[in-house]
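Colleague: Each residue of the sequence shown is one higher than the one before, counting from 1271 in the working numbering.
Glycine included, C-beta positions come from ideal geometry on N, C-alpha and C.
Quick one: the structure is below, questions incoming.
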Amino acid sequence: MIELRGVRRRWGSFSLKGITLKVERGEYFVLLGPCGAGKTLLLETIAGFWFPEEGEIWINGREVTHIPPERRNVGFVYQEYGLFPHLSVSENILYGLKARGYSKKERERRMMEVVSALGIEDLLEREEISSLSGGEKQKVALARALAPEPEVMLLDEPLHSLDYSSREQVFRMLKEINRSFNITVIHVTHDHSEARALADRIGVMNNGRLIQVDEPDRIFERPSTTFIAKFLGVENLFRGRYEGEEGGFHLVRVG
């Protein structure tokens, strides 16, 4: 489980404003909001790239608020893949394992387990990262993040840069990773159709605030604010005045 307790973090004139959230173990949680809402800053703060100025971060019962990223046991996948261009596919996947002190035998074993689970054994033969398509690069990035057996996967717009065919492949892979590895996932996106299709729950962010957290159907059918309704594309918005309750119904005067 991931728990955030009143997390605040400034970035220039922008700030996260007291984010409180619980994400259950094995849950696929999507942070949804427009560009500049603070989604990536929150994700990077959970990862430990930045420490909060206020509040606490807990992962599976352990406080990690001021613990560096390499000791949090989280995997992070960037929008632009974050692969090392001078390393081969296998060297990229092995990189995190080597940094964490796995023996050579264990590194090879773990790499083969992950690439087999993801169905990308054929990519191990590729020496040049530049020869991979966008979808293939994202699959390698996912394999690299999964290899050290993280408790949590943090995904920053993992489908954003992909063409339609690659999006479909990686989309299915993300759900399979969540199910097969029983791993907690926090996925950042601005695409509400992507969020609805993937998420167990969605948290909508704007201007550094988490303004609604709920199951996808409830977010889309009962947005809690005008901003959320407009962001999700709701067009039938009317000004109204609450008139009271009568016979079990709430009365609103429209117009």
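Spatial neighbours of residue 1338 within its chain, please: C-beta separation below 8 Å, excluding the five flanking residues on both sides.
Modeller: The beta carbon of residue 1338 lies closer than 8 Å to those of 1318 in the same chain, with the five residues before and after it left out.
Colleague: Distance, Cα to Cα, residue 1288 vs residue 1323?
Modeller: 10 Å
Colleague: Return the CA-CA distance between residue 1278 and residue 1313, expressed in angstroms with no decimal places.
Modeller: 13 Å
Colleague: Per the DSSP calculation, residue 1514 is bridged to which residue(s)?
Modeller: 1521
Colleague: Can you tell me the Cα-Cα spacing of residue 1363 and residue 1415, whole angstroms?
Modeller: 8 Å
Colleague: Enumerate in chain order the residues of its own chain whose CB-to-CB distance from residue 1380 is below 7 Å, with the five nearest sequence positions on each side excluded.
Modeller: 1367, 1372, 1417
Colleague: Hey, how far is the Cα of residue 1466 from the Cα of residue 1352?
Modeller: 26 Å
Colleague: Can you tell me whether residue 1428 is buried or exposed? The criterion is at least 16 other CB atoms within 10 Å of its CB, across all chains shown.
Modeller: buried
Colleague: At the level of alpha carbons, what is the spacing between residue 1334 and residue 1328?
Modeller: 6 Å
Colleague: Using only alpha-carbon positions, find the residue among 1472, 1430, 1422 that is nearest to residue 1451.
Modeller: 1422
Colleague: With a threshold of 8 Å, are at least 3 pairs of Cβ atoms found where one atom belongs to the segment 1286–1304 and the other to the segment 1477–1487?
Modeller: yes
Colleague: Per DSSP, residue 1280 is paired with what?
Modeller: DSSP output for residue 1280 lists 1285 as bridge partner(s).
Colleague: Note down, one range per segment and in chain order, each alpha helix (DSSP H) of at least 4 residues found wholly within the segment 1434–1485.
Modeller: 1434–1451, 1462–1468
Colleague: DSSP three-state label for residue 1501, please.
Modeller: helix
Colleague: By a C-beta neighbour count over all protein chains shown, 10 Å radius and 16 as the cutoff for buried, is residue 1507 buried or exposed?
Modeller: Residue 1507 should be labelled exposed.
Colleague: Exposed or buried, which one is residue 1377 when buried takes at least 16 other CB atoms within 10 Å?
Modeller: buried
Colleague: Could you tell me which residues DSSP pairs with residue 1292 in its beta bridges?
Modeller: 1273
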